[in-house]
Each structure stands twice: as structure tokens, then as C-alpha cells.
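Comments concern the structure below.
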Amino acid sequence: MSKDLQEEQEFWRHPRFRDLGLLKAKFTKHRYDRHTHPNYVIALITAGAERVKIGRETVVAPTGTLLVVNPEEWHDGESGCPDGWSYRTFYPQVEFLTHVAVELGRSESPIFRQSAIDDPQLRDAMALAHRLSRSDDILAAETAMLVSLRHLILRHTHPQSPPEFVEHSNARRRMAVYQELVEKRLCFSIDLQQLAAAAGVTRFQVIRDFKKVAGLTPAAFIRDRRLRRANALIEAGASLADAAVGAGFADQSHLSRIFRAAHGFTPGMLKRAVA
-7 MSKDLQEEQE FWRHPRFRDL GLLKAKFTKH RYDRHTHPNY VIALITAGAE RVKIGRETVV
53 APTGTLLVVN PEEWHDGESG CPDGWSYRTF YPQVEFLTHV AVELGRSESP IFRQSAIDDP
113 QLRDAMALAH RLSRSDDILA AETAMLVSLR HLILRHTHPQ SPPEFVEHSN ARRRMAVYQE
173 LVEKRLCFSI DLQQLAAAAG VTRFQVIRDF KKVAGLTPAA FIRDRRLRRA NALIEAGASL
233 ADAAVGAGFA DQSHLSRIFR AAHGFTPGML KRAVA
């Protein structure tokens, strides 16, 4: 467990579902940088309130609220009240949640309709599932998790094809070009001129495209992609130092600082959870 004044964080893996990460945390002053995940984020507020911006929507989630972030959605987070907030969070991989949805008769990856869910029955089920993930009774942990996910998927997702959150446009097509270049050059410096040259536009157009499609700056987007590369390297068994270099960070301390600002826990916690 990490403790910083009145802040606490614990991260671990579910004993039955190893592609399901879990976080228990209490924050007072911590503020999440805007970032994305390739997986879902499902957070149950257990005390206080959290203010979050998910996509273009800003909500203040009080105790008992379930916050849900779909894969690839930009989001941040900070205290929504003077005393901060505590929460229990689930990080299910897309493949895992899709498999659960298919078992329930759905044909594709779930897309959640609302960012903030007020559902007392679901709240209690998710709280139980999170607590039992630390239990020695693996069958009870598995059962509680599947029961809560069944409720979540059947009552709070789109039954049909997911909607397009951003219209097809020239900006979106150029964004694919930018992203390809960023992925290729994560270990090197990347500037606006390189991005502009790749898409055949001006540097000012690059800035506008990132703002329109992703809602943030090119620098923030690149930082997010470096974090995701570091996550993947750590989960694949790389040392923290190697993950930092392999993702384009200056060193391990640089990675640790940016990682905690985005995720709320340290890369060392992730390393121990996947060991």
C-alpha cells in the first residue's frame, strides 16, 4: 500500500480473472491528468465525491455513484468536495468484458450509455465483487464478479452497434496519420513539424485537429501513448527502467511521476500485481 498524507492506493489482479485489474484508493489532493485506457474503467465512489470529465461531459459523482469509462475515452478526475473521495475501481480488458457479454447473448463489445450510473442494486453487487476479489474463496470471488457484470451489461449498455462519438471527417482521417507516426517514434522526440509533414498540413492545423478529435494538445496525446506503451511493457515483464526507456520517457523517475499523475498508483504497484 502507498500512503501519502491522507492518500492511499492499492492495486492488484483478480484471483480468477487475471486480465481484470482492481484499485482501492483514497484521494484528497490528487488530480488525474487527462488520459485514456485501452480497457474499460468502472469506478464505484465509496466516500466523498469525484469530479470527472469523460469525453466532453463533466459530472460530479457522489458516494454510491458508479462511473464508467468506455475504452479510448479521454477522461480526468479530481476531488468533487473538500474531503476528497474514496473509490473501488475495476479495469476489465475489452476481450474479457466482450466474452462476458457474448455469454449473455450480446454480439459485440459493450458500450455504456452513461458515464455516471445511480443504481443501488448494482452498487451493492459491485462493492461485494470488489471486496471478494481479495478473498481466499476463489469461487465466491468469481461468482460475485460475474453476477455484478451481468447486471451492469444487461441494464446499462447499448444492445446494438456502438455509436460513433466523433463524426468521420478529414480531421479524423488525419488523426490516424498522426497516431501512426506517434506510435513509430515514441522512443524519439516528436514535434509539430513532423506531424504536419506526415499529414501534409500546417502545424496550426495539427493543433486544431487534435483539439477537435481528441479534445487536447498533441503533447498530451503523445504522453498518453507513452504511458500506454509503458503499461504494456511492464505487463509483459519488462523492468521499470526498461519500460521507461522503451516508451520514450527520460528515465524511471520521469515515468513514475507521469504514471501516477494519470493512473493514481505507481508503476511499481502494477509491476508487483502482474508478477
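The numbering of the sequence shown is the numbering used here, which starts it at -7 and goes up by one. All residues carry an ideal CB built from backbone N, CA and C; glycine is no exception.
Runs of beta strand (DSSP E) with 3 or more residues, each lying fully within the stretch -2 to 63, are found at -1 to 5, 12 to 19, 24 to 27, 33 to 46, 49 to 54, 58 to 61, listed in chain order. Between G72 and R43, the gap from beta carbon to beta carbon is short of 8 Å. Distance between Q197 and P259, taken at the CA atoms: about 35 Å.
Within the same chain, Cβ atoms closer than 6 Å to the Cβ of A191 are found at R166, V169, the five residues on either side in sequence being excluded. Judged by their CB atoms, I145 and V61 are not nearer to each other than the 8 Å cut-off. C-alpha of L131 to C-alpha of P74: approximately 39 Å in a straight line. Shown here, F213 sits in a helix according to DSSP, grouped into three states. A contact between stretches requires three or more CB pairs, one per stretch, nearer than 8 Å, and the stretch 193 to 212 fails this requirement with the stretch 228 to 237. Looking only at T57, L124, E65, G69, the smallest Cα-Cα distance to P7 is reached by L124. Here E65 has T28, I46, G47 as same chain residues with Cβ atoms under 7 Å from its own Cβ, once five neighbours each way along the sequence are excluded. Taking the C-beta atoms as reference points, A53 is found nearer than 8 Å to A41.
The straight-line gap separating the alpha-carbon atoms of A188 and L138 is approximately 47 Å. Rounded to whole angstroms, the separation of the alpha carbons of F88 and E100 is 12 Å. When DSSP reads this structure, S78 sits in a beta bridge with K18, A39. Secondary structure note for E70: its beta strand (DSSP E) is the uninterrupted segment 67 to 71. Residue I34 holds the alpha-carbon nearest to the alpha-carbon of A117 among R249, P210, L173, I34. Around the beta-carbon of N223, 16 or more other beta-carbon atoms lie within 10 Å, marking it buried. When Cβ pairs closer than 8 Å are counted between the two stretches, the stretch 210 to 220 is seen to touch the stretch 171 to 180, the count reaching three or more.
Per the DSSP secondary-structure output, T149 pairs in a beta bridge with F104.
Beta-bridge partners of P84 (DSSP): L12. Taking K204 as reference, the option from Q186, D183, A211, S161 with the minimal CA-CA separation is S161. In terms of CA proximity to H22, G69 leads the group G69, L14, G207, D128. Taking 8 Å as the cut-off, the beta carbon of L14 is found no closer than this to the beta carbon of F104.
Bridge pairing for I109: L58 [DSSP].
According to the DSSP assignment, V198 belongs to the alpha helix (DSSP H) that extends over 195 to 205.
Under the three-state reduction of DSSP, T258 is assigned to coil, being neither helix nor strand.
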